[in-house]
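A.B. asks: The structure is given below, and queries will be raised subsequently.
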Amino acid sequence: MSTSEQIPRSLAPELSRFDWDDIALFLALVRHRSLSQAAKSLALTHSTVGRRIKALEAALGTKLFERTPSGFLLTDRGEVLLREAEGIEAHIGQIAQMFSGEAAQVSGTIRVATMEAFGSLYLAPRLAELYERHPSVRVELVTASHWVNLSKREADVLISFPKPRGHRITAEKTGEFALFLYASHDYVARFGMPQTIADLKDHRFIDYIDELVVIPAVRWLSDVLRDQETVFRSTSLVAQYNAALGGMGITMQPTFVAADDDRLVPILPDQINVKRDFWLSVHDDLAHIPRVRLVLDFLRNLFAENEEFLNNA
Numbered sequence: 285m286s287t288s289e290q291i292p293r294s295l296a297p298e299l300s301r302f303d304w305d306d307i308a309l310f311l312a313l314v315r316h317r318s319l320s321q322a323a324k325s326l327a328l329t330h331s332t333v334g335r336r337i338k339a340l341e342a343a344l345g346t347k348l349f350e351r352t353p354s355g356f357l358l359t360d361r362g363e364v365l366l367r368e369a370e371g372i373e374a375h376i377g378q379i380a381q382m383f384s385g386e387a388a389q390v391s392g393t394i395r396v397a398t399m400e401a402f403g404s405l406y407l408a409p410r411l412a413e414l415y416e417r418h419p420s421v422r423v424e425l426v427t428a429s430h431w432v433n434l435s436k437r438e439a440d441v442l443i444s445f446p447k448p449r450g451h452r453i454t455a456e457k458t459g460e461f462a463l464f465l466y467a468s469h470d471y472v473a474r475f476g477m478p479q480t481i482a483d484l485k486d487h488r489f490i491d492y493i494d495e496l497v498v499i500p501a502v503r504w505l506s507d508v509l510r511d512q513e514t515v516f517r518s519t520s521l522v523a524q525y526n527a528a529l530g531g532m533g534i535t536m537q538p539t540f541v542a543a544d545d546d547r548l549v550p551i552l553p554d555q556i557n558v559k560r561d562f563w564l565s566v567h568d569d570l571a572h573i574p575r576v577r578l579v580l581d582f583l584r585n586l587f588a589e590n591e592e593f594l595n596n597a
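Numbering-wise (the numbering used here), the sequence shown opens with residue 285 and increments by one.
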C-alpha cells in the first residue's frame with residue numbers, strides 16, 4: 285500500500301520536507317515520554333531533541349504531541365505518524381538482519397511490563413542471561429499493579445496473568461504457574477501445622493486490600509477460602525510475602541516468589557493450589573521488529589524451561 289493511501293492526504297505531501305533521521309527522535313519521545321530520557325537514549329541533548337521535534341511538526345504542518353504532567357502524549361495526528369514510523373523501523377531492522385545474518389547484531393531498547401512480584405523477583409534476576417547473549421539489547425522493566433496500555437506504547441511487551449484486550453494486540457498463552465499457601469517456621473511453631481482444609485478456620489491470613497484490587501485475577505486466595513481471618517492486607521504481593529516471613533500469618537504466594545525460600549513452609553500443598561496462565565502480548569505494529577522478536581523468543585523459552593519450577597511448591 286502506498287504512503288499516500290496510509291496517511292491522510294493533507295499529511296502525505298509534507299513527507300518530503302523533513303529529515304528521516306527525525307523518525308528515530310519521534311519514536312524515542314513516544315516511548316520515553318520525556319525529552320531528557322529520549323535524548324539520553326540517542327546520546328543527544330534534550331534541547332536538540334526538542335528543537336528537531338518542533339521542526340518535524342513544522343514540516344508536517346501538524347501537532348504531534350501534547351505535553352502533559354505525565355509526559356509527552358501523542359495527538360491523533362501523532363498516532364497516524366506512529367503507525368508509519370514503526371513500520372519504517374521494522375523494515376529497516378529486517379533489512380539489517382537480512383544482510384548481517386546474525387541475531388547478535390540486534391540492538392536497541394525494549395520495554396517489558398509485568399506484575400510487580402513477577403518482574404522484581406522472577407524476571408529481573410533472569411534477564412542477565414539475555415544481556416550476556418545480546419549485549420546490544422537494553423531491557424526496561426516496568427512493574428505495575430495496574431493494566432499497562434500497549435496501544436498507547438506504555439510498553440512494547442506485556443506479561444500478564446489475565447488475557448489482555450486491546451486494538452491490534454496479539455496475546456498468546458505461554459504457560460502457567462501455581463500458587464500455594466505458605467507460612468514461616470515461627471508461625472507454624474506457634475500456631476501449629478494445619479492438617480486439613482477445615483483446620484484453616486483457626487489460622488490467620490494475609491491478603492490483598494479487596495477494594496483496591498485493579499486486576500481481579502490476583503484474588504487467588506478467594507479461589508479456595510471464604511471468611512478467613514485476615515490480619516494483614518496490602519496492595520503489594522512482596523509486602524504480603526515479607527509479612528509472612530515475619531510470622532504474621534499464612535499467605536498465598538506464586539511459586540516464583542516462595543518455592544525456593546527455605547524460610548517458608550508450604551501449607552497443605554497436596555490439597556490447596558491455584559493456577560494462573562501466563563499471557564505474552566505485543567502490539568501488532570511492533571511484532572516484526574527484530575529486538576522485539578528476540579525478547580519474545582527469550583521469554584517463551586524461559587517459561588518453557590522453568591515449567592516445573594513454576595508449578596511445584
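Cβ atoms here follow ideal geometry from the backbone N, Cα and C, with glycine treated the same way.
Do you know how far the Cα of residue 555 is from the Cα of residue 488?
C.D. replies: If you take the alpha carbons of residue 488 and residue 555, they lie about 18 Å apart.
A.B. asks: Near residue 290, what residues of its chain come up, given a Cβ to Cβ distance below 7 Å and the 5 sequence neighbours on each side ignored?
C.D. replies: Summary for residue 290: the model assigns pLDDT 48, below 50, so the residue's position carries little reliability; its value from the coordinates is reported in the next sentence. Counting only Cβ-Cβ distances below 7 Å, and skipping sequence neighbours, we find 368.
A.B. asks: Along the chain, where does the alpha helix (DSSP H) containing residue 413 start, and where does it finish?
C.D. replies: Element bounds for residue 413: 408–417.
A.B. asks: May I have the straight-line CA-CA distance separating residue 460 from residue 585, to the nearest angstrom?
C.D. replies: Cα to Cα, the separation comes out at about 13 Å.
A.B. asks: Between which two residues does the alpha helix (DSSP H) carrying residue 474 extend?
C.D. replies: First-last of the alpha helix (DSSP H) with residue 474: 469–475.
A.B. asks: Inspect the beta-carbon positions of residue 557 and residue 464 and report whether they are closer than 8 Å.
C.D. replies: Taking 8 Å as the Cβ cut-off, residue 557 and residue 464 qualify as a contacting pair.
A.B. asks: Thinking residue 568 and residue 371 are a contact (beta carbons under 8 Å), I'd like their distance in whole angstroms, please.
C.D. replies: Residue 568 to residue 371, Cβ: 11 Å. No contact.
A.B. asks: Taking buried to mean at least 16 other C-beta atoms within 10 Å of its own C-beta, is residue 539 buried or exposed?
C.D. replies: Residue 539 is buried by the Cβ-count criterion.
A.B. asks: Nearest-angstrom Cα distance between residue 582 and residue 360?
C.D. replies: Each residue's alpha carbon lies about 34 Å from the other.
A.B. asks: Within the region 512–586, note down every full alpha helix (DSSP H) run reaching 4 residues or more, in order along the chain.
C.D. replies: If we require 4 residues or more, the alpha helix (DSSP H) runs fully inside the region 512–586 come out as 521–529 and 539–542.
A.B. asks: Got a sec, what are the start and stop residues for the beta strand (DSSP E) residue 490 sits in?
C.D. replies: Per DSSP, residue 490 belongs to the beta strand (DSSP E) from 488–491.
A.B. asks: Alpha carbons only, please: which of 458, 531, 491 and 498 is nearest the one belonging to residue 471?
C.D. replies: Of 458, 531, 491 and 498, the residue nearest in Cα terms is 531.
A.B. asks: Can the beta-carbon of residue 512 be found less than 8 Å from the beta-carbon of residue 484?
C.D. replies: Cβ distance < 8 Å, so residue 512 and residue 484 count as in contact.
A.B. asks: Helix, strand or coil for residue 310 per DSSP?
C.D. replies: Residue 310: helix per DSSP, three-state reduction.
A.B. asks: Report the residue from 534, 500, 506 and 392 whose alpha carbon sits nearest the alpha carbon of residue 516.
C.D. replies: Nearest C-alpha to residue 516: 534.
A.B. asks: Would DSSP call residue 460 helix, strand or coil?
C.D. replies: Note: residue 460 maps to strand in three-state DSSP.
A.B. asks: Helix, strand or coil, according to DSSP, for residue 387 in the structure here?
C.D. replies: Residue placement at residue 387 is poorly supported in this model, since its pLDDT is 47, which falls under 50; the coordinates are not used for a value here.
A.B. asks: Between the Cα of residue 431 and the Cα atoms of 578, 422 and 502, which residue gives the shortest distance?
C.D. replies: Cα-wise, what sits closest to residue 431 is 502.
A.B. asks: What first and last residue would you give for the beta strand (DSSP E) that runs through residue 424?
C.D. replies: Residue 424 -> beta strand (DSSP E) spans 421–427.
A.B. asks: Beta carbon of residue 579, beta carbon of residue 314: below 8 Å?
C.D. replies: No.
A.B. asks: Would residue 597 and residue 543 qualify as a contact pair, given that the criterion is a beta-carbon distance under 8 Å?
C.D. replies: Yes, these two residues count as a Cβ contact at 8 Å.
A.B. asks: By a C-beta neighbour count over all protein chains shown, 10 Å radius and 16 as the cutoff for buried, is residue 365 buried or exposed?
C.D. replies: With 16 or more other Cβ atoms within 10 Å, it is buried.
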